[in-house]
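Peer 1:
2 protein chains.
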Amino acid sequence: MTVSFKNGKTSRRNFLTGAAAAGAGTVAATVAKAAGDPLITEKQVWAQATGDGVDATPYGLPIEFESDVVRRNVEWLTADTISSINFTPIHALDGTITPQGCAFERHHSGAIEMKKEDYRLMINGLVDTPLVFTYEDLERFPRENHVYFCECAANTGMEWAGAQLNGAQFTHGMIHNMEYTGVPLRTLLNEAGIQTAGKWVYVEGADASSNGRSIPLEKALDDVLVAFKANGEALRKEHGYPVRLVVPGWEGNMWVKWLRRIEITDQAIESREETSKYTDTLEDGTSRKWTWVMDAKSVVTSPSPQSPIKHGKGPLVITGLAWSGRGAITRVDVSIDGGKNWQEARLAAPGTKGAMSRFYLDINWDGQEMLLQSRAHDDTGYVQPTKTQLRDVRGLNSIYHNNCIQTWWVRPNGEAENVEIS
Amino acid sequence: MTVSFKNGKTSRRNFLTGAAAAGAGTVAATVAKAAGDPLITEKQVWAQATGDGVDATPYGLPIEFESDVVRRNVEWLTADTISSINFTPIHALDGTITPQGCAFERHHSGAIEMKKEDYRLMINGLVDTPLVFTYEDLERFPRENHVYFCECAANTGMEWAGAQLNGAQFTHGMIHNMEYTGVPLRTLLNEAGIQTAGKWVYVEGADASSNGRSIPLEKALDDVLVAFKANGEALRKEHGYPVRLVVPGWEGNMWVKWLRRIEITDQAIESREETSKYTDTLEDGTSRKWTWVMDAKSVVTSPSPQSPIKHGKGPLVITGLAWSGRGAITRVDVSIDGGKNWQEARLAAPGTKGAMSRFYLDINWDGQEMLLQSRAHDDTGYVQPTKTQLRDVRGLNSIYHNNCIQTWWVRPNGEAENVEIS
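Chains A and B, in that order, are what the protein sequence lines are.
Numbering of the first sequence is given in my numbering, commencing with residue 219 and proceeding in unit increments.
Numbering of the second sequence is given in my numbering, commencing with residue 219 and proceeding in unit increments.
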């Protein structure tokens, strides 16, 4: 097979078959013994003195040793830091919940600061009674809680032309997965009373960009939430405090932050954000009008370029994330030979609609190079495509909605690199 | 019924029946209209200027307006701030996940600071091969993810003698609920090889207190995790970074932080922490030897003393948390008349074993005073007891394991107070 590296070089390689490296081994043989290890035989400073009391941090922060587990920007990617994006450090996380503190940000005119007392949400347009809600009003409606992923349409967008960014944080980190609490949008729309002519809702934020998007009424009445909490607490400023829209399974751009207004209309507004942006340009130069749903996708988060193997051969946990905007993840396959052979990974929990799944494959690594891939399946029967399959349909002109299989080339020294194979 | 207030006063009161105030109403009638509201009619500062860019906070913090949603200490409760506890602000949270930043802390000799490179875990005692694991070793074993609650045995302990602390944060906030990632303890024990005589494990932490506890081998081999992540990221220092024990459903004191050593023994060690502390003194002065499992319990988090009703009568969301160390929560009842009438609350999601459930009851409040209570049921058939029922069995000498029904007296002005009824 041909392997293309992010520096543009290619080579032909023969990779081991999956079977040779498969099957979890025992770790005990590689485990250190206590004899002579001063961390076991000597009394340590922390066992001789008291630590910090409970008044040290009323709101706790990550320990200083984890200071590399932060959101990161790619400076050349966007024109400025106001209309820009950063990336969740998914290479360093485990489980499925993304802490708000390191969940990616995407702003069109910066993260604005608004008090709850100053918050207003207007519903107008084709309704019986235009309404304005305060934050306190929203708190009086029946609430729901759901764990949902939010993925930017541009996630993995830099990889269309070839292997480019060297790390899962940068190739796949425009995503988060949080437990949202909010009021179903349909409840608020029903309070206003939707007129028969109403077929769409146009939603906009209170920031300068307004970031207006049109959503078909059917979706708006289905599972969209007007959310005010994530992972139990108030939204962070950068995620739309005090109120954002949650549009399960659909591209992140529609999850309007600092939600200000919802207008019922008889047709789509065709705003800037749904015409010149967030549409997919095809091979022949025409553009696909709307791509709202984020198709099934997955990525190995470790090992990966930012999370190399440090312990040499033997037992190795391969882990990653999978998600689908169309339904629940039902299965993830992992290949260590660039897709020649596949093994079914273990899902940490049964998939749920619109939420991320964590997968694991426990292998006994023989220390040889690997071409690591993962492939997601969802409950609609959809299977995540290869890059080649995706290019065959979509061409090379796209930025958005790249859900192709990702390849990491893991070297015998445990370091990994973003590559493409064909 | 007789109502006792936290200031020691009592009174006899007739409370409305639940039926009169039940049934969710429409909020629209109470919603403000746009006319004349400058927050709707005038252009706001945030729509005219750009906000913060994505480089502002690599690790995001709560917005300044949420600075009251923090852990709090009760100064008189413990002798010093090193061996002390603080409380999760559950009155201000929603959903089920507790963010690490505001999850309660309990230290016996302070929160210590240890690098991953300095971490060692020894397994010794009645094993075939004593082992010492580094942090990196632990990362090579197959991992699991589970959402579990961790409740301090002393949670609600101050309420045995009467209504005392005025807020759900203080009466019920020694609890958190997080998604833990770790290696099953049984995997590590099996690596060492448990000898036939081994019946218990004794676990201790690396801090000065060591906080040693004995756990029956059956539990250790069941669902105990050696955990290194919570809600996706590394444990906070105050929660045991880099490794803590997770003992699902069992009292928090056994969830040893900065886990250092696990010794397989033939009997319980009967350490300080399981004899003079964390045992329940009964009416006759004798002590119940061990109470490991946290029984089913619930509390209304809003409205509550720290979360009063501000909007007057009409639609009101009553919400709270329920949990059981024995299994999944199957049902929560809510009473607004001190337990005379009960209505079944809505669970936000089906209960899962060892994890918290969020419940809601949407009512149309008539503006009259309420005696708010909640009552949890779990899948073993257990029903949360009243304070009177609990005292009948346990007497008044206890500190720990108080899972009685909590009462909030909500006044017509929306303010709430911790009371007892009999």
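Glycine is no exception: its CB is placed at the ideal position from the N, C-alpha and C atoms.
Just so it is clear, the structure is predicted and the values come from calculations on it, not from any experiment.
To the nearest angstrom, how far is it from the Cα of Met340 of chain B to the Cα of Asn363 of chain A?
Peer 2: The alpha-carbon atoms of Met340 of chain B and Asn363 of chain A are separated by roughly 41 Å.
Peer 1: By Cβ distance, which residues of its chain are closer than 6 Å to Ala410 of chain A, with the 5 residues on each side in sequence left out?
Peer 2: Hits under 6 Å: Ile341, Val345, Thr347 and Leu349.
Peer 1: Any chance you could list the beta strand (DSSP E) runs of at least 3 consecutive residues sitting entirely within the region 329 to 375 of chain B, in chain order?
Peer 2: Listed in chain order, the complete beta strand (DSSP E) runs (minimum 3 residues) inside the region 329 to 375 of chain B are 338 to 343, 349 to 352 and 362 to 369.
Peer 1: What residues from chain B crowd round Ala426 of chain A, counting only those whose CB sits closer than 9 Å?
Peer 2: Per Cβ cutoff of 9 Å: Trp264, Ala265, Gln266, Ala267, Thr268 and Gly269.
Peer 1: Can you list, in chain order, the residues of the region 572 to 590 of chain A whose Cβ is nearer than 7 Å to any Cβ on chain B?
Peer 2: Listed by position along the chain: Arg576, Tyr578 and Asp580.
Peer 1: Could you say which of A:Pro276, A:Glu481, A:Leu403 and A:Ser616 lies nearest to Val288 of chain B if we only look at CA atoms?
Peer 2: Ranking A:Pro276, A:Glu481, A:Leu403 and A:Ser616 by Cα distance to Val288 of chain B puts A:Pro276 first.
Peer 1: Does the CB of Glu357 of chain A have a neighbour CB from chain B at under 8 Å?
Peer 2: Interface residue, yes.
Peer 1: Report yes if the CB atom of Gly423 of chain B is closer than 8 Å to the CB atom of Val474 of chain B, and no otherwise.
Peer 2: Contact: yes.
Peer 1: With 16 other CB atoms within 10 Å as the buried threshold, where does Ala238 of chain B fall?
Peer 2: Its pLDDT being 37, under 50, Ala238 of chain B is placed unreliably by the model, and the measurement read from it follows with that caveat. Ala238 of chain B is exposed by the Cβ-count criterion.
Peer 1: Opposite Ile639 of chain A in the DSSP bridges: which residues?
Peer 2: A:Val221.
Peer 1: Under 7 Å from any heavy atom of the ligand NAP, does the C-beta of Glu362 of chain A make it?
Peer 2: The ligand NAP is not part of the structure shown, which contains no ligands of any sort.
Peer 1: Nearest to Thr499 of chain B by alpha carbon, out of B:His619, B:Asn384 and B:Tyr600?
Peer 2: Ranking B:His619, B:Asn384 and B:Tyr600 by Cα distance to Thr499 of chain B puts B:His619 first.
Peer 1: According to the neighbour-count rule (16 or more other Cβ atoms, all chains shown, within 10 Å of its Cβ), is Ala247 of chain A buried or exposed?
Peer 2: Annotation note: pLDDT 48 at Ala247 of chain A (below 50); position unreliable, no value reported.
Peer 1: Within the 8 Å Cβ cut-off, does Gly450 of chain A reach chain D?
Peer 2: In summary, chain D is missing from the structure at hand, where the protein chains are A and B.
Peer 1: Between which residues of its own chain and Lys528 of chain A is the CB-CB distance below 7 Å, once the five residues before and five after are set aside?
Peer 2: Counting only Cβ-Cβ distances below 7 Å, and skipping sequence neighbours, we find Gly632.
Peer 1: Among A:Gly450, A:Pro526 and A:Asp610, which residue has its Cα nearest to the Cα of Glu587 of chain A?
Peer 2: That would be A:Pro526, whose Cα lies nearest to the Cα of Glu587 of chain A.
Peer 1: Determine the closest residue to Ala371 of chain A out of A:Ala415, A:Ile303 and A:Trp418, with distance taken between C-alpha atoms.
Peer 2: Checked all of A:Ala415, A:Ile303 and A:Trp418; the closest Cα to Ala371 of chain A is A:Ile303.
Peer 1: Are the beta-carbon atoms belonging to Met392 of chain B and Gln318 of chain B less than 8 Å from one another?
Peer 2: No, the pair does not count as a contact, with Cβ atoms beyond the cut-off.
Peer 1: Could you please give the first and the last residue of the uninterrupted alpha helix (DSSP H) stretch that includes Ala386 of chain B?
Peer 2: Element bounds for Ala386 of chain B: Ala386 to His390.
Peer 1: For chain A, is any of its Cβ atoms less than 8 Å away from the one on Gln318 of chain B?
Peer 2: By this cut-off, Gln318 of chain B is an interface position.
Peer 1: Between the Cα of Lys454 of chain B and the Cα atoms of A:Ile281, A:Gly269, A:Gln266 and A:Gly271, which residue gives the shortest distance?
Peer 2: Here residue 454 of chain B turns out to be Arg, not Lys, going by the sequence shown. Comparing Cα positions, the closest option is A:Ile281.
Peer 1: Check whether the Cβ atoms of Val444 of chain B and Leu406 of chain B lie closer than 8 Å to each other.
Peer 2: Closer than 8 Å, so yes.
Peer 1: So Thr399 of chain B contacts chain A; which residues on that side make the cut at Cβ distance below 7 Å?
Peer 2: Asp312 and Gly313, listed in chain order.
Peer 1: In terms of residues, what are the limits of the beta strand (DSSP E) holding Ala594 of chain B?
Peer 2: Note, Ala594 of chain B: beta strand (DSSP E), Met588 to Asp596.
Peer 1: Tell me where the alpha helix (DSSP H) around Glu409 of chain B begins and ends.
Peer 2: Per DSSP, Glu409 of chain B belongs to the alpha helix (DSSP H) from Leu403 to Ala410.
Peer 1: With DSSP as the reference, label Ile308 of chain B as helix, strand or coil.
Peer 2: Looking at Ile308 of chain B - three-state DSSP - the assignment turns out to be helix.
Peer 1: Between the C-alpha atoms of Gln520 of chain B and Gly530 of chain B, what's the straight-line distance to the nearest angstrom?
Peer 2: Note on identity: in this sequence residue 520 of chain B is Ser, with Gln being the wrong assignment. Going by the C-alpha atoms only, they are around 14 Å apart.
Peer 1: Please decide whether Phe283 of chain A counts as near chain B, where near means a Cβ-Cβ distance under 8 Å.
Peer 2: Interface residue, yes.
Peer 1: Residues of chain B with CB closer than 7 Å to the CB of Met472 of chain A, please, in chain order.
Peer 2: Result: empty, since nearest Cβ-Cβ is about 19 Å, beyond 7 Å.
Peer 1: For Pro630 of chain B, I'd like the list of residues in its chain whose CB is within less than 8 Å of its CB, leaving aside the five on either flank, ordered along the chain.
Peer 2: Cβ neighbours of Pro630 of chain B beyond the five flanking positions: Gly585, Gln586 and Glu587.
Peer 1: State the beta-bridge partners of Phe577 of chain B as determined by DSSP.
Peer 2: B:Gly538 and B:Leu565.
Peer 1: Which value, in whole angstroms, describes the spacing of the CA atoms of Gln624 of chain A and Ala321 of chain B?
Peer 2: Going from the Cα of Gln624 of chain A to the Cα of Ala321 of chain B covers about 36 Å.
Peer 1: Please list the terminal residues of the continuous alpha helix (DSSP H) segment that includes Pro603 of chain A.
Peer 2: From DSSP, Pro603 of chain A is part of no alpha helix (DSSP H); its letter is neither H nor E.
Peer 1: Can at least three beta-carbon pairs, one atom from the region 260 to 267 of chain A and one from the region 307 to 316 of chain B, be found at a separation below 8 Å?
Peer 2: Counting Cβ pairs under 8 Å, fewer than three are found: no touch.
Peer 1: Assuming Pro466 of chain A is part of the alpha helix (DSSP H), what are its boundary residues?
Peer 2: Note, Pro466 of chain A: premise wrong, no alpha helix (DSSP H); not H, not E.
Peer 1: Quick one, which of B:Ala567, B:Ile554 and B:Asn559 has its alpha-carbon nearest Ile547 of chain B's?
Peer 2: Looking at the Cα atoms, B:Ala567 is the closest of the given residues.
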